[in-house]
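Novice: Residue numbers (our numbering), protein chains in the order written: chain C, 72 to 225; chain R, 72 to 225; chain V, 72 to 225; chain H, 72 to 225; chain X, 72 to 225; chain A, 72 to 225; chain F, 72 to 225; chain W, 72 to 225. Backbone N, C-alpha and C fix where the C-beta goes; we use that ideal spot for every residue, glycine too.
Number of protein chains: 8
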Amino acid sequence: MAKILIISASESDLPVMEGAGKVLEEFGVEYEMAVSSAHRSPERTVDLVKKFHNGGGKVIIAGAGLAAHLAGAAAAHFPLPVIGVPLSGGKLEGIDALLSTMQMPSGVPVATVAINGTKNAGILAVQILATSDKNLEEKLIEYKKKLNEHFKNR
Amino acid sequence: MAKILIISASESDLPVMEGAGKVLEEFGVEYEMAVSSAHRSPERTVDLVKKFHNGGGKVIIAGAGLAAHLAGAAAAHFPLPVIGVPLSGGKLEGIDALLSTMQMPSGVPVATVAINGTKNAGILAVQILATSDKNLEEKLIEYKKKLNEHFKNR
Amino acid sequence: MAKILIISASESDLPVMEGAGKVLEEFGVEYEMAVSSAHRSPERTVDLVKKFHNGGGKVIIAGAGLAAHLAGAAAAHFPLPVIGVPLSGGKLEGIDALLSTMQMPSGVPVATVAINGTKNAGILAVQILATSDKNLEEKLIEYKKKLNEHFKNR
Amino acid sequence: MAKILIISASESDLPVMEGAGKVLEEFGVEYEMAVSSAHRSPERTVDLVKKFHNGGGKVIIAGAGLAAHLAGAAAAHFPLPVIGVPLSGGKLEGIDALLSTMQMPSGVPVATVAINGTKNAGILAVQILATSDKNLEEKLIEYKKKLNEHFKNR
Amino acid sequence: MAKILIISASESDLPVMEGAGKVLEEFGVEYEMAVSSAHRSPERTVDLVKKFHNGGGKVIIAGAGLAAHLAGAAAAHFPLPVIGVPLSGGKLEGIDALLSTMQMPSGVPVATVAINGTKNAGILAVQILATSDKNLEEKLIEYKKKLNEHFKNR
Amino acid sequence: MAKILIISASESDLPVMEGAGKVLEEFGVEYEMAVSSAHRSPERTVDLVKKFHNGGGKVIIAGAGLAAHLAGAAAAHFPLPVIGVPLSGGKLEGIDALLSTMQMPSGVPVATVAINGTKNAGILAVQILATSDKNLEEKLIEYKKKLNEHFKNR
Amino acid sequence: MAKILIISASESDLPVMEGAGKVLEEFGVEYEMAVSSAHRSPERTVDLVKKFHNGGGKVIIAGAGLAAHLAGAAAAHFPLPVIGVPLSGGKLEGIDALLSTMQMPSGVPVATVAINGTKNAGILAVQILATSDKNLEEKLIEYKKKLNEHFKNR
Amino acid sequence: MAKILIISASESDLPVMEGAGKVLEEFGVEYEMAVSSAHRSPERTVDLVKKFHNGGGKVIIAGAGLAAHLAGAAAAHFPLPVIGVPLSGGKLEGIDALLSTMQMPSGVPVATVAINGTKNAGILAVQILATSDKNLEEKLIEYKKKLNEHFKNR
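(1) Count the CB pairs spanning the stretch 156-166 of chain W and the stretch 163-176 of chain C that are closer than 8 Å, and state whether there are at least three.
(2) Which residue from H:Glu-97, H:Asp-84 and H:Ser-107 puts its Cα closest to that of Lys-223 (chain R)?
(3) What residue range is occupied by the uninterrupted beta strand (DSSP E) comprising Ala-73 (chain V)?
(4) Could you give the distance in angstroms between the alpha-carbon of Met-88 (chain C) and the alpha-carbon of Ile-199 (chain X)?
(5) Determine, using beta carbons only, whether Ala-185 (chain W) comes closer than 8 Å to chain F.
(6) What number of angstroms, rounded off, separates the C-alpha of Ala-133 (chain V) from the C-alpha of Ala-182 (chain A)?
(7) Identify whether Ala-105 (chain R) lies in helix, strand or coil by the three-state DSSP scheme.
(8) Which residues in the same chain as Met-175 (chain V) place their Cβ atom closer than 8 Å to its Cβ, once the five residues preceding and following it in sequence are excluded?
(9) Does the stretch 149-158 of chain H come within contact of the stretch 193-212 of chain X, defined as at least 3 CB pairs closer than 8 Å?
(10) Helix, strand or coil, according to DSSP, for Val-181 (chain A) in the structure here?
(11) Could you have a look at Ile-132 (chain X) and say whether DSSP puts it in helix, strand or coil?
(12) Have a look at Leu-141 (chain X) and Val-197 (chain F) and give me their C-alpha separation to the nearest angstrom.
(13) Less than 8 Å between the CB atoms is what I'm expecting for Val-100 (chain R) and Lys-74 (chain R), so what's the real figure, rounded?
(14) Less than 8 Å separating the beta-carbons of Asp-84 (chain H) and Gly-127 (chain H)?
(15) For Ile-36 (chain R), which residues does DSSP report across the bridge?
(16) Going by Cα to Cα distance, which pick from C:Gly-155, C:Lys-216 and C:His-221 is closest to Lys-190 (chain C)?
(17) Do you know how far the Cα of Asn-219 (chain C) is from the Cα of Lys-205 (chain C)?
(18) Taking DSSP as the reference, what is the three-state secondary structure of Pro-150 (chain H)?
(19) With DSSP run on the structure shown, which of helix, strand or coil describes Val-87 (chain X)?
(20) With 16 other CB atoms within 10 Å as the buried threshold, where does Met-72 (chain R) fall?
(21) Going by beta-carbon coordinates alone, are Ser-171 (chain R) and Ala-138 (chain C) separated by less than 8 Å?
(22) Relative to the C-alpha of Ala-91 (chain C), which residue among C:Ile-194, C:Ser-177 and C:Ile-212 is closest?
(23) Which same chain residues, not among the five before or five after Pro-113 (chain X), have their C-beta less than 8 Å away from its C-beta?
(24) Would you call the CB atoms of His-110 (chain R) and Val-120 (chain C) closer than 8 Å?
(25) Exposed or buried, Glu-208 (chain R), counting other C-beta atoms within 10 Å across all chains shown (16 or more means buried)?
(26) Report the neighbours of Lys-162 (chain A) on chain F: residues whose CB is nearer than 7 Å to its CB, in chain order.
(27) With H, G and I counted as helix, E and B as strand and the rest as coil, what does DSSP make of Pro-113 (chain H)?
(28) Report the neighbours of Ala-196 (chain H) on chain V: residues whose CB is nearer than 8 Å to its CB, in chain order.
(29) Does DSSP put Val-100 (chain R) in a helix, a strand or coil?
(30) Could you round the C-beta distance between Leu-76 (chain H) and Glu-96 (chain H) to whole angstroms and report it? I think they count as a contact, below 8 Å.
(31) Using C-beta distances below 6 Å, list every residue in its chain close to Phe-123 (chain W), excluding the 5 sequence neighbours before and after it, in chain order.
(32) Per the DSSP calculation, Val-156 (chain W) is bridged to which residue(s)?
(33) Any Cβ of chain X within less than 8 Å of the Cβ of Val-106 (chain V)?
(34) Below 8 Å on C-beta distance, what does Phe-222 (chain X) contact in chain V?
(35) Could you please give the first and the last residue of the uninterrupted alpha helix (DSSP H) stretch that includes Ser-171 (chain V)?
(36) For the stretch 137-161 of chain H, which residues have a CB atom closer than 9 Å to at least one CB atom of chain R, in sequence order?
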């Protein structure tokens with residue numbers, strides 16, 4: 072079963088959420104992808120999270136806009152890391168989603184990345200798995216080298 | 072059974088939430104009060120909401136600070152009105168709670184009042200019940216008159 | 072006479088305000104629609120509100136942008152629930168309307184929904200009527216189920 | 072009859088509003104002072120404004136906090152200048168009052184001064200009267216000189 | 072000589088500033104228009120303001136974006152009313168200009184209108200002149216009536 | 072060698088950073104603590120991060136206020152997870168630190184928690200280690216249960 | 072004659088502005104200090120700036136709060152570097168001063184430091200002089216070393 | 072060797088950064104241009120800064136968006152002036168970059184100009200060099216005259 076679950080709060084957010092999936096593929100990490108809303112399909116959200124945990128899932132990446140509760144709702148039911156991606160839907164360009172995702176109460180953290188930062192959410196998920204996977208760690212070191220080399224002679 | 076449920080996300084918010092209770096008492100409306108968190112006691116929150124609905128409850132008032140998901144979590148499981156009160160705990164003085172409470176996605180509204188506006192939450196709950204209770208409506212008309220008279224000769 | 076009055080502060084806001092009307096039609100709830108400004112036609116606004124109340128009206132939905140006083144002006148003259156929709160006209164994308172609508176003083180609440188959240192304003196109005204109308208409550212429970220089912224197999 | 076009317080949205084704002092009154096006294100300009108709320112005593116507010124206009128009043132200074140509609144409500148009924156002072160009551164330190172006072176729709180301006188800027192509201196009222204009163208203009212020129220001299224030898 | 076001076080901080084702002092000029096023309100009030108910057112042509116700005124005052128000018132309307140100092144610079148040298156219009160040039164959509172224009176220190180007010188509110192700046196200038204001109208006051212009363220009538224039967 | 076490194080940008084932030092340390096102790100996770108600044112001791116910061124990585128370190132928790140670059144500077148040199156805690160020093164109450172910590176460019180994520188959320192930073196670090204440590208995962212499940220039970224009978 | 076001029080917009084800001092003076096003394100750089108306002112003593116401000124320039128002055132440090140125009144007003148009349156320090160007076164904690172100081176139009180820069188960052192303003196002034204003074208540059212290199220050493224063994 | 076180094080955090084920012092280069096060319100000041108990221112090529116960034124300093128470089132201009140650490144990272148390793156240009160990439164239009172660039176801790180200033188203010192960054196760099204170069208100072212005085220003349224007869 073996949074170690075990473077990517078949940079998107081609405082279908083219209085899937086294209087931006089795929090940024091996380093692409094990174095996981097580059098690093099050879101399997102993932103599942105689902106669409107579920109904390110407010111419109113709350114029970115389905117809880118079920119997805121619990122099944123994922125029971126199946127041995129390790130990290131959840133949740134992206135949502137506006138009053139973005141999805142990452143927090145996942146974190147309420149998942150004892151392992153939840154990464155939250157605030158999305159910029161709506162007139163406030165993601166400021167609402169940012170605060171709704173990040174300002175979690177004591178006891179239930181969400182690891183928040185930049186607005187629309189789905190690519191970084193993917194990398195962070197890989198970094199988390201790499202804390203116990205030397206092969207992934209090597210790949211991350213290689214990845215950092217390439218980022219670096221990109222700037223040479225510029 | 073009470074028609075109004077006041078939920079507070081933490082015990083430390085009870086004193087400010089009692090502002091809503093006091094108003095309900097002035098209008099002779101029964102209410103229940105509970106403490107439950109969307110993130111720390113998510114199942115208890117859902118249970119409270121469902122039991123309240125099954126018992127004939129009509130309006131929920133939910134107050135929370137920071138990434139204030141409590142009103143939204145209640146609204147996800149309650150088909151009748153949920154009033155959200157953003158509380159000013161934390162360094163951002165309630166701006167985070169305001170946006171987390173108000174910017175709900177299409178299909179699941181939360182009736183948001185001012186930051187720390189627990190008194191107005193109570194009045195709004197009375198107004199909602201008054202749409203089918205002439206006696207309460209009379210009391211609200213009387214209440215408005217008194218607000219008005221307060222300003223006379225000043 | 073209609074139980075819901077939708078007021079828009081300017082004709083240019085009518086298309087977005089119709090989002091509330093559509094929801095009411097789906098739920099089979101009659102409504103009236105009017106255009107009136109708190110600042111440009113203040114007496115007409117008061118008259119509309121009072122006539123609506125005298126005719127047995129139950130809920131007002133008021134949408135306005137900028138220094139959005141319309142919902143507050145309605146609430147000053149109406150003892151039953153007023154729902155405010157902050158609209159995103161102007162350079163500040165609705166932040167001004169949001170604060171002008173929501174930060175009402177003690178004694179005169181406005182039930183505020185998200186920026187441009189006219190659809191949710193309609194649902195909230197239905198929820199308020201449903202506190203005394205089992206038929207509407209059933210429809211809302213059905214509506215929530217459909218929201219939920221929408222996410223199945225995604 | 073006085074040419075200036077100072078209105079305060081609540082009694083608790085009177086001490087800060089007196090800053091405007093003091094300036095008017097220094098310049099020898101008569102004023103009246105009243106407490107009335109756009110939301111809690113809307114009819115009294117309209118009456119005050121209309122009587123003041125009928126009595127030959129020239130400038131209104133209105134101070135309010137939160138969803139500060141008072142200056143706008145006065146401007147809706149007064150054809151001459153309305154000066155708005157956003158007050159810093161509440162958790163948002165006057166940002167809400169600032170936007171509610173200043174972002175008025177086309178056709179109904181409010182001359183907005185700084186948050187809690189009651190002294191400047193008084194000076195602005197004097198400046199307005201001075202456009203047709205050479206004596207007041209002289210006093211303002213003198214006032215500006217004194218401001219200037221205050222900085223000498225520092 | 073004209074009683075109103077409209078200053079624009081840059082030529083690119085002239086089209087929006089003309090909104091003020093149009094209103095003045097409708098009310099039959101003469102005005103002058105100039106382009107001068109508080110930072111790029113500071114002496115010219117002071118000269119314009121002083122000549123305007125010496126020529127009997129009564130009200131200045133100053134529009135600027137970004138760190139909008141133009142209205143404040145005019146107010147530093149002019150004892151009569153200065154109306155400031157924050158313009159929305161730049162990435163912050165006028166929030167910078169708004170605060171730079173409105174948050175003036177004690178002793179030197181600027182009568183600030185809404186972001187890009189040049190039309191209201193024109194009306195406010197007319198209102199100021201109308202405090203000593205019955206004819207203009209009548210026109211303003213007429214103008215308010217028309218605003219009002221616009222909403223009839225809508 | 073310790074698996075967690077807590078870095079604080081200044082000694083004055085140590086008391087709040089200890090919130091993370093306490094949590095790690097409760098979960099029986101060893102950690103090191105250091106004070107180093109991205110701007111005042113940049114080489115020391117890089118050295119600390121590299122030595123920690125070479126010694127088998129798994130997660131860095133970095134807390135800083137103002138233009139909070141510390142977490143980002145650590146992430147630039149560390150291939151495994153970096154948790155950033157924006158601290159509320161300074162007049163902007165942590166909004167500056169929040170954006171400086173969270174808005175990282177593509178390729179170099181920082182897992183950001185709430186303003187002053189050092190306790191949640193500690194829990195997140197434990198969650199990351201728990202992705203490969205069943206014992207820690209059990210403790211986290213137990214921890215979540217206790218959070219939950221805390222709300223019973225309230 | 073001194074190479075650095077520190078101007079403060081009001082006497083009440085002198086204590087915080089002295090932070091800049093102290094740094095200059097540590098580096099053995101002479102400075103003058105004056106109090107003058109862009110709005111209350113505009114001609115004095117221009118005179119101070121011009122005299123300072125004619126006397127061979129090299130860098131101006133200007134600190135102001137609210138609609139902080141002082142640094143911009145200095146920059147309008149000074150061809151060499153002007154450093155602006157936004158001060159946190161007023162209810163907005165310096166956000167207004169920050170934008171008023173930094174968002175200068177093309178052609179007239181102000182080198183802005185952090186809110187209340189008078190110490191850094193002093194260091195920046197020394198850095199500017201050090202571009203042509205090897206002795207000062209050595210002192211700055213020494214200063215950076217000490218900052219660094221401060222963190223050793225912590 | 073060039074006295075000015077312009078660094079851009081990403082290649083996509085080069086077009087806007089060239090605004091600084093053009094100004095330097097107009098004033099006949101040589102500069103180098105490089106692309107390097109504080110987070111993606113941290114060592115290259117430090118190397119660039121150190122080599123520039125060793126080669127006699129005097130001023131660095133660094134432009135970056137989002138969590139804009141580039142100017143701060145340069146300032147950590149450079150004893151002479153660093154000018155920071157917050158760029159408006161990303162959904163927050165440069166507010167994040169502004170705070171990340173300007174709110175530097177005590178001891179390590181960054182001279183921050185307006186969002187996207189690359190032209191002003193170039194002028195400020197010239198002003199800094201002009202503190203010891205009479206020829207450049209003359210050119211700046213001439214430049215200010217032309218800015219001024221531009222407004223004549225408008």
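Specialist: Judging by the given coordinates:
(1) yes
(2) Position 152 of the second sequence, counting from 1, holds the residue named residue 223 (chain R). Cα-wise, what sits closest to Lys-223 (chain R) is H:Ser-107.
(3) Translated into the one-based positions of the third sequence, residue 73 (chain V) becomes position 2. Per DSSP, Ala-73 (chain V) belongs to no beta strand (DSSP E) and is neither H nor E.
(4) Here residue 88 (chain C) refers to the residue found at position 17 when the first sequence is read from its first residue. Here residue 199 (chain X) refers to the residue found at position 128 when the fifth sequence is read from its first residue. So the two alpha carbons sit approximately 56 Å from each other.
(5) In the eighth sequence, the residue the question calls residue 185 (chain W) occupies position 114. Closer than 8 Å to some Cβ of chain F, the Cβ of Ala-185 (chain W) qualifies, so yes.
(6) For the purposes of this step, residue 133 (chain V) is taken as residue 62 along the third sequence, with counting starting at 1. For the purposes of this step, residue 182 (chain A) is taken as residue 111 along the sixth sequence, with counting starting at 1. Cα to Cα, Ala-133 (chain V) sits roughly 41 Å from Ala-182 (chain A).
(7) Numbered from 1 along the second sequence, position 34 holds the residue referred to as residue 105 (chain R). DSSP places Ala-105 (chain R) in strand when its eight states are reduced to three.
(8) For the purposes of this step, residue 175 (chain V) is taken as the residue at position 104 of the third sequence. Counting only Cβ-Cβ distances below 8 Å, and skipping sequence neighbours, we find Gly-143, Ala-146 and Val-181.
(9) yes
(10) Counting from one through the sixth sequence, the residue named residue 181 (chain A) turns up at place 110. Correct three-state label for Val-181 (chain A): coil.
(11) Locating residue 132 (chain X) in the fifth sequence gives position 61, where the first residue counts as 1. Ile-132 (chain X): strand per DSSP, three-state reduction.
(12) Sequence index remark: in the fifth sequence, residue 141 (chain X) carries index 70 (1-based). Sequence index remark: in the seventh sequence, residue 197 (chain F) carries index 126 (1-based). Distance between the alpha carbons of Leu-141 (chain X) and Val-197 (chain F) is about 31 Å.
(13) In the second sequence, residue 100 (chain R) corresponds to position 29, counting from 1. In the second sequence, residue 74 (chain R) corresponds to position 3, counting from 1. So it is a contact: roughly 7 Å between Cβ atoms.
(14) Counting from 1 along the fourth sequence, the entry for residue 84 (chain H) is found at position 13. Counting from 1 along the fourth sequence, the entry for residue 127 (chain H) is found at position 56. Cβ atoms of Asp-84 (chain H) and Gly-127 (chain H): not closer than 8 Å.
(15) Examination of residue 36 (chain R) is not possible in this model, given that chain R is present from 72 through 225 alone.
(16) One-based indexing of the first sequence puts residue 190 (chain C) at position 119. Ranking C:Gly-155, C:Lys-216 and C:His-221 by Cα distance to Lys-190 (chain C) puts C:Gly-155 first.
(17) Your numbering for residue 205 (chain C) matches position 134 in the first sequence. Your numbering for residue 219 (chain C) matches position 148 in the first sequence. Taking the straight line from one Cα to the other gives about 21 Å.
(18) Along the fourth sequence, read from residue 1 onward, the residue named residue 150 (chain H) stands at position 79. It is coil, neither helix nor strand.
(19) Here residue 87 (chain X) refers to the residue found at position 16 when the fifth sequence is read from its first residue. Here Val-87 (chain X) sits in helix by DSSP.
(20) Counting from one through the second sequence, the residue named residue 72 (chain R) turns up at place 1. When all chains shown are included, Met-72 (chain R) counts as exposed.
(21) Position 100 of the second sequence, counted from the start, is the residue given in the question as residue 171 (chain R). Position 67 of the first sequence, counted from the start, is the residue given in the question as residue 138 (chain C). Cβ distance < 8 Å, so Ser-171 (chain R) and Ala-138 (chain C) count as in contact.
(22) In the first sequence, residue 91 (chain C) corresponds to position 20, counting from 1. Looking at the Cα atoms, C:Ile-194 is the closest of the given residues.
(23) One-based indexing of the fifth sequence puts residue 113 (chain X) at position 42. Excluding sequence neighbours, Pro-113 (chain X) sits near Ala-144.
(24) Reading the second sequence from its first residue, position 39 is the one you call residue 110 (chain R). Reading the first sequence from its first residue, position 49 is the one you call residue 120 (chain C). Their beta carbons are not under 8 Å apart, which means His-110 (chain R) does not touch Val-120 (chain C) by this criterion.
(25) In the second sequence, counting from the first residue as 1, residue 208 (chain R) sits at position 137. Classification of Glu-208 (chain R): buried, given that the 10 Å Cβ count is 16 or more.
(26) Your numbering for residue 162 (chain A) matches position 91 in the sixth sequence. Within 7 Å Cβ-Cβ: Ser-159, Glu-164, Gly-165, Ile-186 and Asn-187.
(27) Here residue 113 (chain H) refers to the residue found at position 42 of the fourth sequence. Helix, per DSSP.
(28) For the purposes of this step, residue 196 (chain H) is taken as residue 125 along the fourth sequence, with counting starting at 1. Going along chain V, no residue has its Cβ under 8 Å from Ala-196 (chain H), so there is no contact; the nearest lies around 21 Å.
(29) For the purposes of this step, residue 100 (chain R) is taken as residue 29 along the second sequence, with counting starting at 1. In this structure, Val-100 (chain R) counts as coil in the three-state DSSP scheme.
(30) As a position in the fourth sequence, residue 76 (chain H) is number 5, starting the count at 1. As a position in the fourth sequence, residue 96 (chain H) is number 25, starting the count at 1. At roughly 15 Å, the Cβ-Cβ gap does not stay under 8 Å, so Leu-76 (chain H) and Glu-96 (chain H) are not in contact.
(31) Position 52 of the eighth sequence, counted from the first residue, corresponds to residue 123 (chain W). Once the five neighbours on either side are set aside, the close Cβ partners of Phe-123 (chain W) are Leu-76.
(32) Stepping through the eighth sequence from its first residue, residue 156 (chain W) is reached at position 85. Bridge partners of Val-156 (chain W): W:Gly-134.
(33) Here residue 106 (chain V) corresponds to residue number 35 of the third sequence, with the count starting at 1. Chain X contact via Cβ: present.
(34) Locating residue 222 (chain X) in the fifth sequence gives position 151, counting from the first residue. Per Cβ cutoff of 8 Å: Val-106, Ser-107, Ser-108, Arg-111, Ser-112 and Arg-115.
(35) Against the third sequence, residue 171 (chain V) aligns to sequence position 100. Element bounds for Ser-171 (chain V): 166-173.
(36) Leu-137, Ala-138 and Gly-161
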